[in-house]
Amino acid sequence: KQEVTQIPAALSVPEGENLVLNCSFTDSAIYNLQWFRQDPGKGLTSLLLIQSSQREQTSGRLNASLDKSSGRSTLYIAASQPGDSATYLCAVIGNQFYFGTGTSLTVIP
Amino acid sequence: GAVVSQHPSRVICKSGTSVKIECRSLDFQATTMFWYRQFPKQSLMLMATSNEGSKATYEQGVEKDKFLINHASLTLSTLTVTSAHPEDSSFYICSAKTPFAGAGADTQYFGPGTRLTVL
Numbered sequence: 003k004q005e006v007t008q009i010p011a012a013l014s015v016p017e018g019e020n021l022v023l024n025c026s027f028t029d030s031a032i033y034n035l036q037w038f039r040q041d042p043g044k045g046l047t048s049l050l051l052i053q054s055s056q057r058e059q060t061s062g063r064l065n066a067s068l069d070k071s072s073g074r075s076t077l078y079i080a081a082s083q084p085g086d087s088a089t090y091l092c093a094v095i096g097n098q099f100y101f102g103t104g105t106s107l108t109v110i111p
Numbered sequence: 010g011a012v013v014s015q016h017p018s019r020v021i022c023k024s025g026t027s028v029k030i031e032c033r034s035l036d037f038q039a040t041t042m043f044w045y046r047q048f049p050k051q052s053l054m055l056m057a058t059s060n061e062g063s064k065a066t067y068e069q070g071v072e073k074d075k076f077l078i079n080h081a082s083l084t085l086s087t088l089t090v091t092s093a094h095p096e097d098s099s100f101y102i103c104s105a106k107t108p109f110a111g112a113g114a115d116t117q118y119f120g121p122g123t124r125l126t127v128l
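Top to bottom, those sequences are chains S and R.
Take any residue in the first sequence, note its place counting from 1, add 2, and you have its number in the numbering used here.
Take any residue in the second sequence, note its place counting from 1, add 9, and you have its number in the numbering used here.
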């Protein structure tokens, strides 16, 4: 069964810092990988979807990479802002979504 | 883009009662919908896959008689928590898959979630 791990579980940084969130998975036979943002008590907001044939995707200050062979993905956030504070979930997509446990990010003004 | 709604967004009920949560795809037809549960500070866990016009497929450990799923139309799936107990308190999120999606489970659109609190 696919297992998805996210490190760190929580992260607190001052505003303006660049940061990296990590996601690892055990089974490399995946279709795609998707990063989501979840605000407290809210649903999921899709950030980036990386297809299995791609190595990275970029959207604004966000860049996500995928290395299927090593079972790893990273989400890079540039010039962090207080509005980036949320929980970030990665989901490995096979025949279903397998979600990681999330990284809770706090950006301090 | 595709929009999925859930109703209600928040519900509080007494132990022993049943609660129904609706999941609707607003601007597309969803042949498949998924129900997830999320406990505090934990990730989303798939409970069941709901296909229009057929019985839902439940994940291991999920009681099908307790969590009744009905996918009666291409735009509506309902989850009924029967005889709810405090341990059923959780955040329930549905997602819908478009019929144009590929073999993978991508192209799912997620609802905003329903917070269930059982007293």
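We put the beta carbon where it would ideally sit given N, CA and C, even for glycine.
* Go to S113/S, then tell me how far its beta strand (DSSP E) extends in each direction, as first and last residue. => This structure cannot settle anything about residue 113/S, because the visible part of chain S is limited to 3 through 111.
* To do: Label V22/S either buried or exposed according to how many other C-beta atoms from any shown protein chain fall within 10 Å of its C-beta, with 16 as the threshold for buried.
  => Position 20 of the first sequence, counted from the start, is the residue given in the question as residue 22/S. Its Cβ having fewer than 16 others within 10 Å, V22/S is exposed.
* Inter-residue CB distance, L64/S and L77/S (contact presumed, cutoff 8 Å) -> Here residue 64/S refers to the residue found at position 62 of the first sequence. Here residue 77/S refers to the residue found at position 75 of the first sequence. 7 Å between Cβ atoms; contact.
* Asked: So, is the C-beta of K70/S closer than 8 Å to a C-beta in chain R?
  -> Taking the first residue of the first sequence as 1, we reach residue 70/S at position 68. So, not an interface residue.
* Asked: Closer than 8 Å, CB to CB, is G43/S near chain R or not?
  -> Taking the first sequence and counting its residues from 1, the one referred to as residue 43/S is at position 41. It does: the Cβ of G43/S has a partner Cβ on chain R nearer than 8 Å.
* Asked: Do you know offhand how far D97/R's Cα is from Y45/R's?
  -> As a position in the second sequence, residue 97/R is number 88, starting the count at 1. As a position in the second sequence, residue 45/R is number 36, starting the count at 1. Straight-line measurement puts the Cα of Y45/R at about 13 Å from the Cα of D97/R.
* Asked: Expressed to the nearest angstrom, what Euclidean distance is found between the alpha-carbon atoms of T7/S and Q36/S?
  -> One-based indexing of the first sequence puts residue 7/S at position 5. One-based indexing of the first sequence puts residue 36/S at position 34. If you take the alpha carbons of T7/S and Q36/S, they lie about 14 Å apart.
* List the DSSP bridge partners of F119/R. => Looking up residue 119/R in the second sequence gives position 110. DSSP output for F119/R lists S104/R as bridge partner(s).
* Asked: Would a check of beta-carbon distances place S99/R closer than 8 Å to chain S?
  -> Counting from 1 along the second sequence, the entry for residue 99/R is found at position 90. It does not: the Cβ of S99/R has no partner Cβ on chain S nearer than 8 Å.
* Asked: Using a beta-carbon distance below 8 Å, is L49/S in contact with chain R?
  -> Here residue 49/S refers to the residue found at position 47 of the first sequence. With 8 Å as the cut-off, L49/S does not count as an interface residue toward chain R.
* Is T89/R near K29/R, with beta carbons less than 8 Å apart? -> Residue numbering aside, residue 89/R sits at position 80 when the second sequence is read from its first letter. Residue numbering aside, residue 29/R sits at position 20 when the second sequence is read from its first letter. Yes.
* Residue closest to V56/R, alpha-carbon to alpha-carbon, out of T40/R, K23/R, Y118/R, K75/R -> The sequence position of residue 56/R within the second sequence is 47, counting from 1. Note that residue 56/R corresponds to Met in the displayed sequence, not to Val. The shortest Cα separation from M56/R among T40/R, K23/R, Y118/R, K75/R belongs to K75/R.
* If we count the other Cβ atoms within 10 Å of its Cβ and call it buried at 16 or more, is G18/S buried or exposed? -> Locating residue 18/S in the first sequence gives position 16, counting from the first residue. It is exposed - the Cβ of G18/S has fewer than 16 other Cβ atoms within 10 Å.
* **Cutoff 8 Å: G120/R Cβ touching any chain S Cβ** => Stepping through the second sequence from its first residue, residue 120/R is reached at position 111. Yes, G120/R counts as interfacial toward chain S.
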